[in-house]
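Let me begin by presenting the structure, written as structure tokens, before commenting on it.
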Amino acid sequence: MKMEKNIINKAFLILFAVPSVAVAQEHKLPVLNYQYIDLEPFIDATTMEIHYSKHHQAYVNNLNKALENTEAANLNIEDLMLNVSKYGPAVRNNGGGHYNHSLYWSILSPKPQNEPSGNLSEMIIANFGSVEELKKQMNQAGASRFGSGWAWLVLTKDMKLVVSSTPNQDNPLMDVADVRGIPLIGIDVWEHAYYLKYQNKRPDYLDAIWNLIDWKKVEENFENAQNSHLFEKM
Ligand code: MN
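What follows is the structure, given as structure tokens:
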């Protein structure tokens, strides 16, 4: 009986005495499914290398630093975004930077599926009339964003597809966003995403990037978003 109690005490210690921040996972750069050079001629290798290994890495490092020894260190990136107004500007900027770039890399491919198909295709036609019209609205959202930011294709909680744009590293998951929902496509319109090749011609970069957007991945994002538990938290 005495021994049993010891075991229970030990179990109690293991369960509750470990500080919660000790189990926190550091945020990490996602692995790219292609080489820097593979997105040429639409995005040049130097831009890719600096963008991924310097800019994105800095967002990851600064996010981890901002979360160090805080309760929020236990949250995954989506949960951080959903309530970002609680966690201050360093988490908003660097957490947004990490989430946004992870999505951006994942929807680009040197061998993309060129057009949406299936359910997504039907919904795009229902919401925008055509894929061309959707691209036009995305490009307009990206071109007219003053300064730095992102253009988005978003699935909203009422299951509509909407085009939006956010400043800086904000995104549609955030509780501070004008249009909330789950982003299916995110296009980076910061100058660091295109300036070496396109200089001041942001619309040319926006036209070119559709050659890399992999609709197979966007369809996956759409299927996952439709059943996502994240909507319950919006
Ligand atoms: Mn960027």
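Quick note on numbering: the sequence shown equals residues 954 to 1187 in this note's numbering. Quick reminder that beta carbons are idealized off the backbone N, C-alpha and C, glycines included. Keep in mind that this is a model prediction, so the values were computed, not measured.
Burial state of residue i, where buried means 16 or more other Cβ atoms lie within 10 Å
i, result
"Pro-1136", "buried"
"Asn-1067", "exposed"
"Ala-975", "With a pLDDT of only 48 at Ala-975, under 50, the local geometry of the prediction cannot be trusted, and no value is derived from it."
"Ala-1146", "buried"
Cβ pair residue i, residue j closer than 8 Å
i, j, result
"Gly-1139", "Asn-1121", "no"
"Val-1084", "Val-1107", "no"
"Trp-1105", "Ser-1118", "yes"
"Val-1037", "Met-1127", "yes"
"Pro-1063", "Asp-991", "yes"
"Gly-1049", "Asp-1123", "yes"
"Pro-983", "Trp-1058", "yes"
"Thr-999", "Leu-1149", "yes"
Minimum C-alpha distance to residue i - residue among the options
i, options, result
"Asp-1157", "Gly-1095, Ser-1062, Lys-1186", "Gly-1095"
"Asn-1080", "Gln-1179, Thr-999, His-1008, Val-1115", "Val-1115"
"Met-1091", "Ala-1161, His-1051, Leu-1149", "Ala-1161"
"Trp-1163", "Thr-1000, Leu-1087, Thr-1109", "Leu-1087"
CA-to-CA distance, residue j to residue i, given in whole angstroms
i, j, result
"Pro-972", "Ala-1026", "Reliability of the predicted coordinates at Pro-972 is poor, the pLDDT of 48 falling under 50, and the value obtained from them is presented with this limitation in mind. So the alpha carbons of these two residues sit roughly 12 Å apart."
"Trp-1143", "Gly-1071", "32 Å"
"Lys-1015", "Asn-1047", "A small fix is needed here, since residue 1015 is Asn in this sequence, not Lys. Spanning the two alpha carbons is a distance of roughly 6 Å."
"Asp-1032", "Phe-1184", "11 Å"
"Val-1171", "Ser-1181", "15 Å"
"Glu-1173", "Gly-1100", "31 Å"
"Ala-1019", "Gln-1010", "14 Å"
"Gln-1179", "Lys-1169", "16 Å"
"Lys-1154", "Glu-979", "37 Å"
"Thr-1109", "Gly-1134", "4 Å"
"His-1008", "Ile-1077", "32 Å"
"Ser-1006", "Leu-985", "11 Å"
"Tyr-987", "Lys-1113", "32 Å"
Secondary structure of residue i, DSSP reduced to three states
i, result
"Pro-1042", "helix"
"Trp-1168", "helix"
"Pro-1065", "coil"
"Gly-1139", "strand"
"Thr-1109", "coil"
"Trp-1103", "strand"
"Val-1013", "helix"
"Ser-1083", "coil"
"Ser-1118", "strand"
"Tyr-1158", "helix"
"Asn-1029", "coil"
"Glu-979", "coil"
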